[in-house]
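J.: In full-length UniProt numbering, the protein residues as written are 1 to 429.
Supplied in structure tokens, the structure appears directly below.
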């Protein structure tokens, strides 16, 4: 298959997760090729994304570029025109970063209009399932649309610059009908086939109503998968995601609707994370995490839940870490011992806090931090055991998942009932 034919094959009659502007650019490129245009000479082509693909590590932070058009495997044709990153390249870099003990945090550097459906959601699920092993961040630098946004949604935190854009949670299939051009050129194509659906998407005839229905069914199925994935990853309702109508959101607006966590440029983010020896979350960010969790929990149970994490808990955690660090440092009798002890203990406390926060076990974090015998790996083991035990209890007690996206969540119902009972008892006194 020559490059022009390959380009058209990858563009039409298949679901794509791309931005509207890039869709238009692809169609115009296809039109040029079909009208006799050619690929640019090698001297004018974009620098191949394969030269910059894979992860780049610096000071414990692995940076994985997600740039240009995204495809299941490396696509030379798209790379020739627009640049290309494959899901295989992203997966390889991500797995290497997870396995590398020197890497303490993983960052997706995102600047992409989106790409193919093939292989995307398996990659997104793999990234999402790795939450809790190491902090995972995504930075829209400057754009992250459709397929690229799906990948970003799997990270623990997402950052966007003031002019950055994200979103486009939608699906498109394009069909090329060149029958008019064929007629103009005096060409007649006569398909001989078996099977009613065999020539549904032939470019040499208009799309039949039956073929249109098949295409729409495929689009709807991928759309439901896309919406469900984003809903799960961002803790948004499917209706809230659908309400965006595949819209694109810039800077602060992306934060307001839940597509990003904070407005921060790439350089600002890298400066912050590089200033921390182990790539942990800063005190201010920790406080913000707990404030967000407090607000979400309070909203979920109608403001009656008495056990939410407060800012005071955050300050207590940080103070405990600092006090332990001072004590350890003074015992060495040396100034450098103080600093080393402070850094080591603070980093341990922050890593434990991150692991607990990501697992929804914030209240257990303080006890783990205060137990000097527990390493970060010990704590992660305890978290896994606790989650397994909780899952088993939920399985036995209810056929409805505690994280169900349905109307009824048994844990929240139970929490409300306990709160109402406590309030009634207080009123009788």
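All residues carry an ideal CB built from backbone N, CA and C; glycine is no exception.
On a predicted model such as this, the values are computed, not experimentally measured, just so you know.
Could you check how far apart the C-beta atoms of residue 249 and residue 143 are, in whole angstroms? I think they sit under 8 Å.
T.: For the purposes of this step, residue 249 is taken as the residue at position 249 of the chain shown. For the purposes of this step, residue 143 is taken as the residue at position 143 of the chain shown. The pair is not a contact, with the Cβ atoms about 11 Å apart (cut-off 8 Å).
J.: Tell me, please, which residues DSSP counts as bridged to residue 86.
T.: Taking the chain shown and counting its residues from 1, the one referred to as residue 86 is at position 86. Its beta-bridge partners are 71.
J.: Is it the case that the Cβ atoms of residue 155 and residue 136 are separated by a distance below 8 Å?
T.: Indexing the chain shown from 1 puts residue 155 at position 155. Indexing the chain shown from 1 puts residue 136 at position 136. Going by C-beta atoms, residue 155 is nearer than 8 Å to residue 136.
J.: Work out the CA separation of residue 78 and residue 174 for me, nearest whole Å.
T.: Sequence index remark: in the chain shown, residue 174 carries index 174 (1-based). Sequence index remark: in the chain shown, residue 78 carries index 78 (1-based). Going from the Cα of residue 174 to the Cα of residue 78 covers about 17 Å.
J.: Tell me residue 368's beta-bridge partners as DSSP assigns them.
T.: Numbered from its first residue, the chain shown carries residue 368 at position 368. Per DSSP, none; premise fails for residue 368.
J.: Do the CB positions of residue 201 and residue 211 come within less than 8 Å of each other?
T.: Translated into the one-based positions of the chain shown, residue 201 becomes position 201. Translated into the one-based positions of the chain shown, residue 211 becomes position 211. In this structure, the beta-carbon distance from residue 201 to residue 211 falls below 8 Å.
J.: Considering only the alpha carbon of each residue, which of 222, 102, 205, 226 lies closest to residue 241?
T.: Taking the first residue of the chain shown as position 1, residue 241 is located at position 241. Ranking the options by Cα distance to residue 241, first place goes to 226.
J.: Does the beta-carbon distance from residue 352 to residue 105 come in below 8 Å?
T.: As a position in the chain shown, residue 352 is number 352, starting the count at 1. As a position in the chain shown, residue 105 is number 105, starting the count at 1. Not a contact, by the Cβ cut-off of 8 Å.
J.: Identify, in the order they occur along the chain, each residue of the same chain with its Cβ nearer than 7 Å to the Cβ of residue 128, setting aside the five sequence neighbours on each side.
T.: Counted from its first residue, the chain shown places residue 128 at position 128. Counting only Cβ-Cβ distances below 7 Å, and skipping sequence neighbours, we find 154, 233.
J.: So, at 8 Å on beta carbons, what are the nonlocal neighbours of residue 124 in its own chain, with the 5 sequence-adjacent residues on each side left out?
T.: By 1-based counting over the chain shown, the position of residue 124 is 124. Taken in chain order, the residues that qualify are 150, 151, 153, 154, 229, 233.
J.: What do you get for residue 189, buried or exposed, if any count of 16 or more other CB atoms within 10 angstroms of its CB means buried?
T.: Taking the first residue of the chain shown as 1, we reach residue 189 at position 189. So residue 189 counts as exposed.
J.: Counting C-beta neighbours from all protein chains within 10 Å, is the total for residue 267 16 or more, i.e. buried, or is it exposed?
T.: Here the question's residue 267 lines up with position 267 in the chain shown. The residue in question, residue 267, is exposed, as its Cβ has fewer than 16 Cβ neighbours within 10 Å.
J.: Go ahead and label residue 162 buried or exposed: buried means 16 or more other beta carbons lie within 10 angstroms of its beta carbon, across all protein chains shown.
T.: As a position in the chain shown, residue 162 is number 162, starting the count at 1. Looking at its Cβ environment, which holds fewer than 16 other Cβ atoms inside 10 Å, residue 162 is exposed.
J.: State the Cα-Cα distance for the pair residue 172 and residue 68, rounded to the nearest angstrom.
T.: Numbered from its first residue, the chain shown carries residue 172 at position 172. Numbered from its first residue, the chain shown carries residue 68 at position 68. Inter-residue distance for residue 172 and residue 68 is about 18 Å (C-alpha atoms, whole angstroms).
J.: To the nearest angstrom, how far is it from the Cα of residue 66 to the Cα of residue 91?
T.: On the chain shown, position 66 is the one that residue 66 refers to. On the chain shown, position 91 is the one that residue 91 refers to. Straight-line Cα distance between these residues: approximately 11 Å.
J.: For residue 431, is the classification buried or exposed, using 16 other Cβ atoms within 10 angstroms of its Cβ as the cut-off for buried?
T.: Outside the displayed range of the chain (1 to 429) lies residue 431, so it cannot be described from this structure.
J.: Three-state secondary structure (DSSP) at residue 253?
T.: Counting from 1 along the chain shown, the entry for residue 253 is found at position 253. Residue 253: helix per DSSP, three-state reduction.
J.: So which of 239, 208, 209, 235 has the shortest CA-CA distance to residue 223?
T.: Taking the first residue of the chain shown as position 1, residue 223 is located at position 223. If we check each option's Cα against that of residue 223, 239 comes out closest.
J.: Report the option in 74, 62, 374, 109 whose CA atom is closest to the CA atom of residue 101.
T.: The residue labelled residue 101 in the question sits at position 101 within the chain shown. Considering only alpha carbons, the answer is 62.
J.: Straight-line CA distance for residue 283 to residue 221?
T.: In the chain shown, counting from the first residue as 1, residue 283 sits at position 283. In the chain shown, counting from the first residue as 1, residue 221 sits at position 221. Note that residue 283 scores 47 on pLDDT, short of 50, meaning its location in the model is unreliable; the coordinates nonetheless yield the value given after this. Each residue's alpha carbon lies about 42 Å from the other.
J.: Nearest CA to the CA of residue 25: which residue from 235, 215, 114, 380?
T.: Numbered from 1 along the chain shown, position 25 holds the residue referred to as residue 25. Check the Cα spacing between residue 25 and each of 235, 215, 114, 380: the tightest is with 114.
J.: Please classify residue 94: does DSSP put it in a helix, a strand, or coil?
T.: Along the chain shown, one-based indexing puts residue 94 at 94. DSSP places residue 94 in helix when its eight states are reduced to three.
J.: Helix, strand or coil: how does DSSP classify residue 354 here?
T.: Position 354 of the chain shown, counting from 1, holds the residue named residue 354. Residue state, collapsed to three classes: helix.
J.: For a test of the three-state rule: what should DSSP assign to residue 184, helix, strand or coil?
T.: To locate residue 184, count along the chain shown from 1; it is residue 184. Residue 184 falls in the helix class under three-state DSSP.
J.: Do residue 64 and residue 121 have their CB atoms nearer than 8 Å?
T.: The residue labelled residue 64 in the question sits at position 64 within the chain shown. The residue labelled residue 121 in the question sits at position 121 within the chain shown. Taking 8 Å as the Cβ cut-off, residue 64 and residue 121 do not qualify as a contacting pair.
J.: Can you determine whether any heavy atom of the ligand FMN sits closer than 7 Å to the C-beta of residue 91, and answer yes or no?
T.: In the structure on display, the ligand FMN does not appear, and there are no ligands present to speak of.
J.: Give the DSSP bridge partners of residue 447, in chain order.
T.: Examination of residue 447 is not possible in this model, given that the chain is present from 1 through 429 alone.
J.: By DSSP, does residue 205 sit in helix, in strand, or in coil?
T.: Here residue 205 refers to the residue found at position 205 when the chain shown is read from its first residue. Coil.
J.: Identify whether residue 378 lies in helix, strand or coil by the three-state DSSP scheme.
T.: The sequence position of residue 378 within the chain shown is 378, counting from 1. Residue 378 falls in the helix class under three-state DSSP.
J.: Pick from 381, 258, 148: whose alpha carbon is nearest that of residue 231?
T.: Locating residue 231 in the chain shown gives position 231, counting from the first residue. Ranking the options by Cα distance to residue 231, first place goes to 258.
J.: Among the candidates 374, 177, 243, 117, whose CA atom is the shortest distance from the CA of residue 16?
T.: The residue you call residue 16 lines up with position 16 of the chain shown. Among 374, 177, 243, 117, the Cα nearest to that of residue 16 belongs to 117.
J.: Within 10 angstroms of its Cβ, does residue 384 collect 16 or more other Cβ (buried), or is it exposed?
T.: Translated into the one-based positions of the chain shown, residue 384 becomes position 384. By the 10 Å Cβ count, residue 384 comes out exposed.
J.: Exposed or buried, residue 186, counting other C-beta atoms within 10 Å across all chains shown (16 or more means buried)?
T.: Counting from 1 along the chain shown, the entry for residue 186 is found at position 186. Counting Cβ neighbours within 10 Å, residue 186 comes out exposed, since fewer than 16 surround it.
J.: By the 10 Å Cβ neighbour count, where 16 or more other Cβ atoms means buried, how is residue 345 classified, buried or exposed?
T.: Taking the chain shown and counting its residues from 1, the one referred to as residue 345 is at position 345. Under this definition residue 345 is a buried residue.
J.: If residue 111 and residue 75 are in contact, beta carbons under 8 Å, what's the gap, nearest whole angstrom?
T.: Your numbering for residue 111 matches position 111 in the chain shown. Your numbering for residue 75 matches position 75 in the chain shown. At roughly 17 Å, the Cβ-Cβ gap does not stay under 8 Å, so residue 111 and residue 75 are not in contact.
J.: In this structure, what does DSSP give as the bridge partners for residue 112?
T.: For the purposes of this step, residue 112 is taken as the residue at position 112 of the chain shown. The partner list for residue 112 (beta bridge, DSSP) reads 144.
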